[in-house]
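Chains as they are written, first to last, in the numbering used here: chain U, 37 to 280; chain G, 37 to 280; chain S, 37 to 280; chain A, 37 to 280; chain X, 37 to 280; chain V, 37 to 280.
Presented below is the structure to which this report refers.
Protein chains: 6
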Amino acid sequence: MDWVSYREATQNGGCKIVLPIGAIEQHGPHMSLNPDVLIPDHIAEQVAHQCDHMLVAPSISYGYKSQVKSGAGNFFPGTTCVSGDALEHYVYDVLIAYVEHGNREFILINGHFENSMFLCEAADKLVKQCRLRNIEVRVYLLSYWDFISEATITKVFPEGFTGWAVEHGGVLETSIMLNIYPQLVDMSKAVHIEPAQFPPYDVFPSDASWVPQSGTLSSPVPATSEKGSLILKECIAGIIEHLG
Amino acid sequence: MDWVSYREATQNGGCKIVLPIGAIEQHGPHMSLNPDVLIPDHIAEQVAHQCDHMLVAPSISYGYKSQVKSGAGNFFPGTTCVSGDALEHYVYDVLIAYVEHGNREFILINGHFENSMFLCEAADKLVKQCRLRNIEVRVYLLSYWDFISEATITKVFPEGFTGWAVEHGGVLETSIMLNIYPQLVDMSKAVHIEPAQFPPYDVFPSDASWVPQSGTLSSPVPATSEKGSLILKECIAGIIEHLG
Amino acid sequence: MDWVSYREATQNGGCKIVLPIGAIEQHGPHMSLNPDVLIPDHIAEQVAHQCDHMLVAPSISYGYKSQVKSGAGNFFPGTTCVSGDALEHYVYDVLIAYVEHGNREFILINGHFENSMFLCEAADKLVKQCRLRNIEVRVYLLSYWDFISEATITKVFPEGFTGWAVEHGGVLETSIMLNIYPQLVDMSKAVHIEPAQFPPYDVFPSDASWVPQSGTLSSPVPATSEKGSLILKECIAGIIEHLG
Amino acid sequence: MDWVSYREATQNGGCKIVLPIGAIEQHGPHMSLNPDVLIPDHIAEQVAHQCDHMLVAPSISYGYKSQVKSGAGNFFPGTTCVSGDALEHYVYDVLIAYVEHGNREFILINGHFENSMFLCEAADKLVKQCRLRNIEVRVYLLSYWDFISEATITKVFPEGFTGWAVEHGGVLETSIMLNIYPQLVDMSKAVHIEPAQFPPYDVFPSDASWVPQSGTLSSPVPATSEKGSLILKECIAGIIEHLG
Amino acid sequence: MDWVSYREATQNGGCKIVLPIGAIEQHGPHMSLNPDVLIPDHIAEQVAHQCDHMLVAPSISYGYKSQVKSGAGNFFPGTTCVSGDALEHYVYDVLIAYVEHGNREFILINGHFENSMFLCEAADKLVKQCRLRNIEVRVYLLSYWDFISEATITKVFPEGFTGWAVEHGGVLETSIMLNIYPQLVDMSKAVHIEPAQFPPYDVFPSDASWVPQSGTLSSPVPATSEKGSLILKECIAGIIEHLG
Amino acid sequence: MDWVSYREATQNGGCKIVLPIGAIEQHGPHMSLNPDVLIPDHIAEQVAHQCDHMLVAPSISYGYKSQVKSGAGNFFPGTTCVSGDALEHYVYDVLIAYVEHGNREFILINGHFENSMFLCEAADKLVKQCRLRNIEVRVYLLSYWDFISEATITKVFPEGFTGWAVEHGGVLETSIMLNIYPQLVDMSKAVHIEPAQFPPYDVFPSDASWVPQSGTLSSPVPATSEKGSLILKECIAGIIEHLG
């Protein structure tokens with residue numbers, strides 16, 4: 037999109053800007069390092085395609101440091117993460133640049149759990165700074181998995197759900213990737229593991245022995261493209277229903 | 037404790053420093069603004085009392101901004117929160133000051149959910165900075181409620197658990213406060229509400245209409261001091277078992 | 037105080053918020069590490085008790101780095117201090133959170149000399165930021181010892197005042213602590229020393245040989261609870277007279 | 037690439053990490069907003085494809101604020117830029133994360149002139165921080181256009197070169213985009229203009245009247261895919277020759 | 037100038053503040069370390085002398101890190117440079133202090149190429165912050181050498197110009213210094229060298245072997261005071277013409 | 037001094053670097069705005085002239101915000117001050133640049149009371165950062181007036197000393213300026229005032245009515261060049277005695 041078309045699309049603040057934010061983080065030996073970027077980016081494109089007055093901004097690839105209990109930890113080769121304030125300031129600056137163009141509504145689609153609080157902070161500071169200029173903005177912040185219903189979980193995990201806490205590199209993400217980027221998944225390398233179990237605290241520096249060697253927190257083996265399709269449809273429909 | 041006694045207690049790095057970190061945040065019309073400080077402080081004292089070589093540091097009272105879905109939001113009168121980087125840097129500086137005294141092990145007892153990621157960041161930066169000095173530190177980070185078992189939950193919620201997500205100012209915190217600071221709880225002001233329900237995203241600025249008017253996210257009415265005692269005993273025992 | 041009561045107390049900006057700010061710093065082998073917190077906290081409570089429309093905020097415990105000539109230095113075990121910008125940002129954030137509730141007047145009661153300039157900076161930035169929102173705030177900043185008269189000094193030091201510069205852990209602070217927290221003072225451990233003398237410059241890193249080994253800068257031996265009472269009464273009355 | 041393959045590729049620090057860094061910035065009504073990202077990304081891929089032991093990292097899309105004399109200014113709709121310190125810290129954090137994996141050599145391929153000094157600063161701070169860990173890294177920083185020879189310029193501008201200073205959205209960038217992403221260029225919208233002329237100083241806030249209304253600083257009309265191919269081949273070959 | 041006279045001179049915002057900004061950086065064995073400060077300071081004084089309503093502010097001596105290709109690099113003894121954000125914040129703070137006095141127009145005269153982008157950032161942030169206060173400021177940013185015409189270059193380099201890129205410590209700066217501070221130049225120590233040649237990229241840490249051992253990037257030998265006078269006259273006249 | 041001479045002078049870390057740090061601040065209607073810069077600069081030059089192995093670095097002109105009780109306040113026209121962190125980071129960066137050249141000892145000569153704590157912080161951070169590199173530095177920090185003896189005070193104030201607290205723009209500074217820069221003092225504009233008196237607290241925003249209208253805190257009328265000479269000699273001799 038060229039700048040003249042952009043100006044037309046965004047004039048009068050009538051357009052929602054959708055910003056996908058992810059991470060570069062290992063997701064097991066069977067998958068590329070970027071599902072946390074590709075999935076929100078895909079969802080953003082699909083949502084915007086079905087809604088008027090929505091534009092997808094270039095995604096932000098590098099997210100906050102992977103934590104052991106949600107992303108298997110920041111010590112894995114390939115897991116390439118930034119500090120919280122670097123992420124917060126970068127996202128804040130991108131958002132305020134869009135505000136300068138007259139945009140007033142934003143949908144941040146997060147693909148990496150650990151980003152959440154830093155995106156909150158960026159959004160909160162944006163709102164306050166804009167008020168100093170007598171500008172009211174509205175920032176919607178979502179993690180796509182929060183739109184998955186229990187009904188879908190039951191279908192995707194017919195033998196019982198192992199729990200959200202261990203869904204790193206497991207059935208959910210792998211199924212989605214099989215659906216949208218099958219060339220980035222090699223199920224022959226998928227490692228079956230029992231769901232990870234953790235003590236009720238964290239420790240720094242991280243203790244690598246807490247984490248399954250494969251890097252996922254539960255088994256990706258039952259993943260299928262069909263399950264991915266089911267999940268994606270629900271997320272996309274849910275986002276449109278609430279924020280479209 | 038005077039400095040000479042402190043020096044003896046901490047020499048050779050043989051002492052764990054326990055740092056309670058909380059928040060000043062409304063917890064309903066029936067309770068003071070500081071349960072998130074008082075509870076971890078109480079737990080820290082009890083744990084340290086039962087363990088050798090543990091010292092409780094003065095607690096940090098002001099925590100990260102209350103979020104709607106976990107703390108009812110930062111817009112309530114009395115909810116008095118700091119930004120993420122202010123919290124992170126303050127905690128980091130306190131920890132590194134303790135490292136200068138020769139201390140090498142830390143237990144951060146968190147009493148406010150929203151603090152978690154910023155405490156992670158402080159701990160991670162501490163570890164890295166200390167390594168530049170060839171010092172290995174170990175920081176344990178815990179939120180006390182993660183030591184509550186399902187068995188206890190069943191006892192505390194005989195009519196069914198309403199879920200962790202809405203336990204702000206509800207039965208758990210109120211019961212603990214009734215047990216340790218009954219003078220700061222006035223159950224005659226406790227408001228019965230249905231558990232709060234939220235859409236699957238956040239919005240900034242916060243939408244006050246999402247939150248029950250009383251400021252809690254579930255009903256504190258069934259709280260009792262006995263339930264509080266049960267919870268505390270389990271948390272204290274659990275922390276000692278894992279980290280004592 | 038619960039949030040509903042807080043809202044009533046503070047509505048229309050008619051309430052002054054009193055914020056005690058101290059430090060964790062050795063004060064000799066005869067005293068605990070926290071007089072710089074406990075004393076301003078006590079004064080704040082007494083002042084607020086005697087004035088309408090004043091609320092005491094939870095105190096801030098960790099202050100700026102102890103300096104050799106005023107606090108015997110940052111290298112003592114137990115002296116646990118934060119950097120200037122961490123203190124400044126933390127205090128600033130706390131104040132602006134109180135501004136959000138509608139409060140417009142603040143009294144910062146400082147208990148640690150080294151904090152002063154960083155509190156100035158926090159107050160100055162607060163005023164400027166609030167003006168961007170068309171909010172006029174007023175921040176009073178005081179160190180309690182500035183309310184002690186020469187007459188009182190003469191009574192407290194009948195054999196001659198050794199000077200403000202060396203009053204760290206000496207008669208003034210020890211007397212106050214004997215009056216309000218006698219259980220935290222053990223006069224049997226008080227070490228008599230001659231007043232410390234320093235060259236007319238500072239050096240970094242600090243030179244520990246400049247400082248008396250006990251950690252105080254003058255002798256605490258003549259301290260009594262009665263002297264403490266005298267001092268406190270004057271400080272409290274003075275603060276009320278000027279700012280009540 | 038999955039993390040196990042990544043580990044193999046990067047072990048022993050034997051791999052160069054190529055990081056493309058661009059900007060989202062208008063480039064005239066005939067072109068998309070992202071040539072400064074797409075071009076260095078394309079070059080990075082081509083270079084890495086022809087060299088052993090080189091990996092392309094996910095690119096960084098948002099760059100430093102467009103300046104009037106080099107990018108037509110930060111006030112154009114669609115030009116979406118971040119502050120210098122946000123860019124610097126984000127890039128720094130990404131690089132140090134790659135260092136943690138054992139990587140020691142980096143090639144930053146810059147596609148946006150205004151980024152240069154902030155990338156210098158990130159590289160310089162990285163080198164210094166790594167030295168504190170006794171790690172020697174080497175960061176090569178290049179802007180791809182610096183590999184274009186005078187001979188090529190003569191071929192691309194048979195009627196005379198209008199100068200590097202006004203090559204924003206002109207023949208060079210447009211030709212490259214025509215070659216690699218023809219679907220993102222619409223030559224029917226290309227506006228012929230005389231090369232922009234500027235006074236010998238800058239002014240803030242920017243004066244929009246200094247800039248041609250189309251947003252380019254010289255005419256893109258003579259651009260062709262063949263010219264783009266010529267330029268790209270030279271840049272890619274040059275980078276390989278110097279840094280391959 | 038005393039403050040009462042200053043107040044008169046600046047009232048009603050009718051005065052332009054001229055701020056020279058330089059660097060402490062080696063300029064060859066024949067010259068002092070401060071031409072980047074002294075030259076813009078001299079030009080500022082001359083310009084202000086010839087214009088009404090212009091005041092020269094005390095100059096800022098320490099600038100951004102010398103780069104190999106423009107200043108021979110930050111590794112030379114005597115080259116004493118600050119980081120980008122330190123420079124930016126210091127300049128920003130100075131400017132906003134002048135705004136507080138009612139000043140609205142600023143001319144930054146830069147004497148050190150590497151400062152440019154950080155001065156842009158300071159100016160941009162100043163403009164934005166002032167707008168929050170409904171204050172419109174205007175900041176002119178110039179590097180004095182941009183006012184030198186081709187005609188003058190031809191006169192100063194009768195045997196051909198070696199190019200702007202290598203004019204560090206060469207004929208231009210040396211000639212100016214010979215004209216205004218001859219006591220700080222010792223032409224007997226001037227080293228003749230061929231113009232430096234560099235590869236089309238930068239490397240960090242810097243490679244000292246890229247740089248002529250004398251520290252200049254071209255030969256200062258042909259410098260004369262007369263050439264300096266010619267250059268200065270043109271710069272001063274040009275600045276007055278554009279901004280006087 | 038050229039860089040080759042500088043290298044010789046500083047090699048083997050055998051040289052002390054003397055850095056004068058001041059402020060731009062009104063000092064009454066009878067004096068220029070820069071005594072806080074000129075006086076420490078003069079003292080530095082004199083000290084270095086009389087000592088071997090000492091070099092004076094270019095001074096830092098803009099200091100921390102003038103406070104009402106020590107500098108009459110930051111609201112006077114002409115008082116042009118920076119924030120604490122801008123000063124701290126700028127000074128820190130300058131010092132670490134000198135460390136890079138092999139220098140290990142620094143004397144900071146402060147001419148502006150309000151700078152003190154921020155210079156402490158810069159020095160403390162420098163020491164800690166250098167230790168990470170296994171470099172031991174030593175930073176002496178002094179305010180020149182701390183070298184004035186009581187005997188001199190008695191001579192300079194034959195009718196009784198009005199106290200250090202109100203010596204802003206009074207006899208001490210005016211006498212020194214009369215001695216070293218008589219052309220910057222106009223005693224015909226000196227205003228006689230009674231010493232300023234202040235309440236025992238500070239207030240933000242500052243209350244201009246607390247401050248004498250002339251901007252000094254005591255009378256400069258008795259100042260003479262002879263008094264200035266006496267003071268300077270003692271300061272210079274004292275600094276040499278302690279740190280030469």
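No residue lacks a Cβ here, since even glycine has one placed at the ideal position from N, Cα and C.
Query: Proximity test, ALA59 of chain A beta-carbon vs the ligand GDP heavy atom, cut-off 6 angstroms; Result: Here there are no bound small molecules, and the ligand GDP is not part of this structure.
Query: Alpha-carbon spacing of GLY50 of chain X relative to SER245 of chain V, whole angstroms; Result: 27 angstroms
Query: Neighbour-count burial assignment, GLN219 of chain S, 16 or more Cβ in a 10 Å radius; Result: exposed
Query: Start and end residues, alpha helix (DSSP H) containing ARG167 of chain X; Result: 152 to 168
Query: Minimum length 3: unbroken beta strand (DSSP E) runs contained in the segment 156 to 232 of chain U; Result: 174 to 179
Query: Cross-chain neighbours of ILE60 of chain X in chain V, by beta carbon under 7 angstroms; Result: PRO94
Query: Members of the segment 109 to 127 of chain A that neighbour chain X once the beta carbon cut-off is set at 8 angstroms; Result: ASN110, SER119, GLY120, ASP121 and GLU124
Query: Spatial distance of ILE212 of chain A from PHE154 of chain V (CA atoms); Result: 52 angstroms
Query: SER95 of chain X and ASP77 of chain X closer than 7 angstroms at C-beta; Result: yes
Query: Three-state secondary structure assigned by DSSP to GLU270 of chain G; Result: helix
Query: Neighbour list for VAL13 of chain A in chain X, Cβ cutoff strictly below 9 angstroms; Result: In the structure displayed, chain A extends from 37 to 280; residue 13 of chain A sits before or after that span and is not available.
Query: CA nearest to the CA of ASN110 of chain X, picked from X:VAL127, X:LYS164, X:GLN82 and X:PRO241; Result: X:PRO241
Query: Cβ-based neighbour list, PRO56 of chain X, same chain, cut-off 6 angstroms, excluding 5 preceding and 5 following; Result: PRO76, ASP77, ALA80, SER95 and ILE145
Query: Any 3 or more C-beta pairs closer than 8 angstroms across the segment 268 to 275 of chain S and the segment 57 to 77 of chain A; Result: no
Query: Members of the segment 195 to 227 of chain U that neighbour chain A once the beta carbon cut-off is set at 8 angstroms; Result: ASP222 and LYS225
Query: CB contact check: ALA80 of chain G to chain S, cutoff 7 angstroms; Result: no
Query: TYR100 of chain S - partner residues in DSSP beta bridges; Result: S:VAL118
Query: Simplified DSSP state of PRO76 of chain S, which is helix, strand or coil; Result: helix
Query: Cβ-Cβ distance between GLY251 of chain U and GLU157 of chain G below 7 angstroms; Result: no
Query: Closest by C-alpha distance to VAL279 of chain V, when choosing among V:THR210, V:PHE183 and V:TYR217; Result: Rather than Val, the amino acid found at residue 279 of chain V in this sequence is Leu. When each option's Cα is compared against that of LEU279 of chain V, the closest is V:PHE183.
Query: Nearest to LYS191 of chain S (by Cα), restricted to the options S:TYR134, S:GLU262, S:ARG167 and S:ASP72; Result: S:GLU262
Query: Rounded distance between the beta-carbons of SER68 of chain A and ASP38 of chain U, thought under 8 angstroms; Result: 6 angstroms
Query: Touching by the beta-carbon criterion (3+ pairs, under 8 angstroms), the segment 196 to 205 of chain V and the segment 222 to 233 of chain V; Result: yes
Query: Reduced DSSP category for GLU61 of chain X - H, G, I as helix; E, B as strand; rest coil; Result: coil
Query: Beta carbon proximity, PRO56 of chain U to chain G, threshold 7 angstroms; Result: no
Query: Closer than 8 angstroms at the beta carbon, the chain G residues around TRP246 of chain S; Result: Chain G residues near TRP246 of chain S: none, gap ~17 angstroms exceeds 8 angstroms.
Query: Alpha carbon of LYS52 of chain G to alpha carbon of ARG174 of chain G, nearest angstrom; Result: 10 angstroms
Query: Given VAL40 of chain V as reference, the closest of X:PHE112, X:ASN70 and X:HIS85 once Cα atoms are compared; Result: X:PHE112
Query: Integer-rounded CB distance, given that CYS87 of chain U should sit under 8 angstroms from ILE216 of chain U; Result: The pair is not a contact, with the Cβ atoms about 19 angstroms apart (cut-off 8 angstroms).
Query: Range covered by the beta strand (DSSP E) that runs through VAL40 of chain G; Result: That residue, VAL40 of chain G, is in no beta strand (DSSP E); its alpha helix (DSSP H) goes 39 to 46.
Query: Neighbour list for MET153 of chain A in chain X, Cβ cutoff strictly below 8 angstroms; Result: TYR100, GLY120, GLU150, SER152, MET153 and PHE154
Query: Within-7 angstroms CB hit, GLU157 of chain X to chain A; Result: yes
Query: Collapsed DSSP secondary structure at PHE142 of chain G in the structure displayed; Result: strand
Query: Span separating the alpha-carbon of GLY206 of chain U from that of MET223 of chain U; Result: 12 angstroms
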